[in-house]
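The structure under discussion appears below in the form of structure tokens.
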Amino acid sequence: MNQRSPVDGLSPSPALPAGISHPEEFSPGRSSASVRSRVWWGWLPAGLVMAFAAATLSRYGVSGGDMAAFLAYVVLSLTFPGVLVIRVLYAGSRTLAEEIALGLALGYAMEIPLYIGARAVGVPLLVIAGPLSVYVLFLAVPSLRRHWRSSQRLAAPWWWSWVLALVIAVLVAWSAIKFYGAHAITWPELGQADHDMPFHLALIGELRHHVPPSVPMVAGEPLFYHWFVYAHFAAASHLTGVEPLILLFRLGMLPMLAALVVLAGLTGRRVTGSWYGGSITAVGTVSVGATSLYLGANGRFTWGGIPDMAWTSPTQTLGALLFAPLVLILIHLIGSRRYDPRAWGPALVLLIALTGAKATYLPLLLAGLTVAAIAQIVQRRRLSPNLIIAIAMTMACFLFAQCVLFGLVKQGLVVDPFSFTRLAWGELTGVNPSGSVPGLAAVHLLCWAVAWAGVVGLLVRPRQLARPVVALLLGIGMAGVGAALAFGHPGRSQLFFLWSACPYLTALAARGLLALLRRARVTPTTTAIWAALGAVTAYLISFLCGVSIPLEPGQDGALLYRPYWVLLAAIVLGGVVLAIRRGALTAVTLLVVACTAIGLPAYWHARVLSALNAFGKDDVRPDVQPVAEPSVPQGGLTAARWLRAHSDPDDLVATNVHCRWGRENPCDSTFAWASALTERRMLVEGWAYTAANLNSWRPGLTQESLPFWDSRRLSDNDAAFQAPTEKAMRLLRDDYGVRWLFVEESPGKYSSAIGDFAEFQFRSDDYAVYRLPGVMLTQ
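Numbering (our numbering), first residue to last: 1 to 779.
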């Protein structure tokens, strides 16, 4: 059956492969009992996932009241208003789940600028006027009332909802294993959280009280960062009454992850014209990673992606969610010869929100639009108005982001080809990378080639590469891979370019794979056999080669190449044999199927292999002694909450803690717990994340160990704690504007004479709060 692909922009809903059909959900003549049965069956997977998520959250300390308040907020303040706007401005046939996901993403995008404005005028709760205005408008205007019910519902195959629900459930379970279990919400265990988490929490506190925001860890430092996700968390906290700590550590990412999975599936369905392509894309979005063929701990080799970074990088998660519907709308617009002014409304809102959500996405979009423009000129000899508008809008937002939000600072990003490969080599072998980096870089490229082997299938019809929509996704993908290889960053943040591009390379790989299967007429049974063969081959190579990482002392680094030489030989040999026996097209198709089975769930392969290798063994080398977790002082949360309750949000606080516990020499300045828990600005706390510190970083240096640039301020601050005098306290109060002292009473960090010159207010175990003389107490 020859149907036009939706990427041509000529069909409002994706075409289906031969033999697959789906009647409209509420088609005439269907009995009401049948309709009710289908509705119940369609909601069952979602209901089971929500119940599973609720049970998981309850297990990890979230109260029923907090869950109910957050759910009501997500539904009423974000999703419903977004869905209503989507129905008016971005028409098309979609499943209800897809419509809800689009509405939720747009709800986030609409809320963020509203909250920024409301907080700027000092009335943060005014953000609720946004969703209320939508409700009033859609009730008052007769022509809009019909949009309370969807008129173009698309019925999906019965298994579609279950695939999406299973992927979301896996993410919930992995969140519990990977994040919830390692990140308590009570002190002192909370103090052992990933070092990025207090930074995120501190910025939420900053956005709860100040717009425009600044860096709360170092008073007076501008915040040149993508901070819009913290505005969302601040709005959610104001509207629900839920603690920012609970939102960040337990609740906030779950609706984003669920919507992202659904939108990834929708993208795959649009690009491939198939429900199967949509399911491959949804699964691949959370599973694609470097194809690990090693035993042992694989963390650094497969590091990153949605499962690893969803909670520790909320900026990336929100950026991915906002980018997905924007790409879908652009697919609709630049793939069409017709001008659709309505769709530019949500596109513009998403672009504005994306401007400050994550810095990696607009450069990728610009690269994709540029490649699409080249393709359109080749194909049509001119640019369509839609593509010109898209490029102009994206460029304007990009310039605003770089010049205003990010202040033209580099944030530590430098041109340093193969920086990640060099670091990975050192971690995997324990030796200097020297000349071996190109070899490991080739291994990484082979891994990504295996993961996205389906892209080869686009060559079945080479002319489709010139289609603007295919070119758009290819441009995004190539820019993501290129940036990850070309740049360096002290926190390896250049890899965010790669992770951001993964869903779109996966969608293209799914399209190519299905094109090969249709052209070669490979049966489902044969496809399943070769997929199983690919997965089994990956495990066999891993165990037969037996390369455990990190390598033991004295082992040759060339061992890292062994399993990949075997993999490459297996691909070449299998291709030759298949080509002789079954022809070139079938050979390529079956090899792509096998490679996809190796590469698609690569992230999970690495975890399974690690677990199998560690089972019954001692993972600690005999020559290396385990390092105990540093002791976290007691009472920090209680004392910080007292200070939050009794001080003004504009009050400046001085603290004597600048370094992560156990990492004082050299000082690891990623410490941000004081500002995170008090929601107050610090004179100087930890400075690692500031733009000034990152601008001082160069390859070879350690970002978190760089000294504070204002030695006088740091000296004046510490003198008040370690050698307190009336003069030292007066200097902090009069010259710097400090009002409070937040003191960690650990040996060597303070003097008990502080009470002689400052007014004691509160103590909880190892922490005390003092008020400088002449400062009013807020009740």
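Built from N, CA and C at the ideal position, the CB exists for glycine as well.
- For Trp697, no alpha helix (DSSP H) encloses it, and the DSSP letter there is neither H nor E.
- Considering only Ile280, Tyr767, Ile541, the residue with the shortest C-alpha distance to Trp673 is Tyr767.
- As the crow flies, the alpha-carbon of Glu99 is around 6 Å from that of Val83.
- Sixteen is the threshold: since fewer than 16 other Cβ atoms of the shown chains lie within 10 Å of the Cβ of Ala140, the residue is exposed.
- If you look at Glu744, you'll find it in the beta strand (DSSP E) that goes 738–744.
- The Cβ atoms of Ala372 and Gly475 lie closer than 8 Å to each other.
- Counting the other Cβ atoms within 10 Å of the Cβ of Leu567 gives 16 or more, which makes it buried.
- A distance below 8 Å separates the beta carbons of Leu590 and Trp530.
- Of the candidates Phe757, Thr655, Ile598, the residue whose Cα lies closest to the Cα of Ala528 is Ile598.
- Counting along the chain, the unbroken beta strand (DSSP E) around Glu759 starts and ends at 759–764.
- Look at the segment 518–591 and you find these whole runs of alpha helix (DSSP H), each 4 residues long or longer: 524–545, 562–582.
- Assignment of beta-bridge partners to Met682 by DSSP yields Val653.
- In chain order, His226, Ala401, Phe406, Gln411 place their CB closer than 8 Å to the CB of Ala359, counting only its own chain and leaving out the 5 sequence neighbours on each side.
- Under DSSP, Ser214 takes part in a beta bridge, and its partners are Pro222.
- Distance between Ala156 and Trp275, taken at the CA atoms: about 8 Å.
- Beta-bridge pairing by DSSP links Gly488 to Val414.
- Sequence-distant Cβ neighbours of Pro724 in its own chain, meaning closer than 6 Å and more than five residues away, are Ser751, Ala753, Ile754, Phe757.
- Excluding the 5 residues flanking it on each side, Val409 has same chain C-beta neighbours closer than 8 Å at Phe224, Ala691, Leu694, Asn695, in chain order.
- The bridge partners DSSP lists for Val769 are Phe742, Phe762.
- With contacts defined by Cβ atoms closer than 8 Å, Gly273 and Gly265 do not form a contacting pair.
- In this structure, Leu354 is the residue among Leu354, Leu701, Pro142 with its C-alpha nearest to the C-alpha of Leu399.
- Where Asp196 is concerned, the enclosing alpha helix (DSSP H) starts and stops at 196–209.
- Assignment of Glu664 by DSSP, reduced to helix, strand and coil, places it in the strand class.
- Taking all protein chains shown into account, Ser669 has 16 or more neighbouring C-beta atoms within 10 Å of its C-beta and is therefore buried.
- Relative to Thr240, the option among Arg342, His489, Ile177, Gly64 whose CA is nearest is Gly64.
- When the beta-carbon positions are compared, Leu164 and Ser93 stay at least 8 Å from each other.
- If you ignore the 5 residues before and after Ala367, its C-beta comes within less than 6 Å of the C-beta of Gly475, Ala479, all in its own chain and listed in chain order.
- Taking 8 Å as the upper bound for CB-CB distance, Tyr108 and Leu78 are in contact here, some 6 Å apart.
- Around the C-beta of Lys727, fewer than 16 other C-beta atoms lie within 10 Å, and the residue is accordingly described as exposed.
- For the segment 265–318, the continuous alpha helix (DSSP H) assignments of 4+ residues that do not extend past its boundaries occur at 275–287, 306–309, in sequence order.
- Looking at the DSSP output, Arg94 bridges to Arg153.
- A residue is called buried when at least 16 other Cβ atoms come within 10 angstroms of its Cβ; Ser58 does not meet this threshold and is exposed.
- Collapsing the DSSP output to three states places Gly107 in a helix.
- Taking the Cβ atoms as the reference, Gln703 lies roughly 3 Å from Pro490, within the contact range of under 8 Å.
- Taking 8 Å as the cut-off, the beta carbon of Ala310 is found no closer than this to the beta carbon of Leu330.
- Trp565 and Leu701 have their C-alpha atoms spaced approximately 34 Å apart.
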